[in-house]
Amino acid sequence: GCLVIKSTFNRPNLYYKILEKPTSQEDCLSILEKLLKYRYRGASGIIYTNSIKDSEDIANGLKKRGLRVGYYHATMEAKSRSDVHMKWHSKEYQAIVATVAFGMGIDKPDVRFVIHHTISKSIENYYQESGRAGRDGQRAECVTLYRMQDIFKVSSMVFSSVGSMDHLYDMVKYCLNGSFCRRLLLAKHFDEDWGDSDCNKMCDVCANSNTTTREINLENHCKTISYIIDNASRQDT
1 GCLVIKSTFN
11 RPNLYYKILE
21 KPTSQEDCLS
31 ILEKLLKYRY
41 RGASGIIYTN
51 SIKDSEDIAN
61 GLKKRGLRVG
71 YYHATMEAKS
81 RSDVHMKWHS
91 KEYQAIVATV
101 AFGMGIDKPD
111 VRFVIHHTIS
121 KSIENYYQES
131 GRAGRDGQRA
141 ECVTLYRMQD
151 IFKVSSMVFS
161 SVGSMDHLYD
171 MVKYCLNGSF
181 CRRLLLAKHF
191 DEDWGDSDCN
201 KMCDVCANSN
211 TTTREINLEN
221 HCKTISYIID
231 NASRQDT
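Note that full-length UniProt numbering has the sequence shown beginning at 1, numbered continuously upward.
Below is the structure:
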């Protein structure tokens, strides 16, 4: 027979959180600045973006605000990418603002935060990217900035792939959720069976469960998603 090793998708030391993303880039930078200067002061992390331009613009914007960050994407020369990686590893840089090109071969166990400036294309991508936090087993945070306009942006990148809009829709539902444990949603997505109690208040929904549940008007979101899917279908035919 052969040895089958199964591991759980549950990473109990990761705290999952969604923040409402402002419409202006300056306001987005202000949120990132506060997180890096205060909440994650002295800690190492990654800020994921969905485009090369965003990675450079955000890194340069944060540098102007006095933060020690660098950007990383696939079109950089190998030496430049290596230099940025080393500066981050040695803590000269607090964070790297990166596209998904930054991921393979990351061997840094003390990543305390992973922030998604734009939503991932799928739950699978999100789980893999956010999972680069807290490899040392200590508490780490996975924060996603969500706004409806970004659905258009991401859908234009993925609509041509089979099933990609469904994957994006799952990611949107995860972000819009304000009632159910986020870890439970991840578990269900990967066909695992956990209970709410397994979270230990390690997501924003469970941590705020004693407060009044925030209601979101989903009508506009649903209309937006339907519009995107219809458009994608038309372009497919």
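Every residue, glycine too, gets a C-beta built ideally from N, C-alpha and C.
#1: So does the stretch 160 to 173 actually touch the stretch 44 to 53, counting three or more Cβ pairs closer than 8 angstroms?
#2: Figure out for me which residue from V154, K87, S179 has the closest Cα to the Cα of M171.
#3: Pop quiz: Y174 and L185 are said to be a contact at Cβ under 8 angstroms. What is the actual Cβ separation, rounded to whole angstroms?
#4: Grab the span of the beta strand (DSSP E) containing L145 for me, first residue to last.
#5: Assuming S93 is part of the alpha helix (DSSP H), what are its boundary residues?
#6: What would DSSP say about residue 242, mapped onto helix, strand or coil?
#7: Rounding to the nearest angstrom, what Cα-Cα distance links R81 and S30 in this structure?
#8: Going by the CB atoms, is the gap between G66 and A59 shorter than 8 angstroms?
#9: Could you have a look at G192 and say whether DSSP puts it in helix, strand or coil?
#10: Tell me Y174's beta-bridge partners as DSSP assigns them.
#11: Rounded to a whole number of angstroms, what is the C-alpha to C-alpha distance between G178 and V205?
In short:
#1: no
#2: V154
#3: 6 angstroms
#4: 140 to 146
#5: It is Tyr, not Ser, that sits at residue 93 in the sequence shown. Looking at the DSSP string, Y93 is not in any alpha helix (DSSP H), and its letter there is neither H nor E.
#6: One cannot answer for residue 242 here, as it falls past the ends of the chain, which runs 1 to 237.
#7: 26 angstroms
#8: no
#9: It should be noted that the sequence gives Glu, not Gly, for residue 192. Residue state, collapsed to three classes: coil.
#10: Looking at the DSSP assignment, Y174 forms no beta bridge with any residue, so it has no partner.
#11: 6 angstroms
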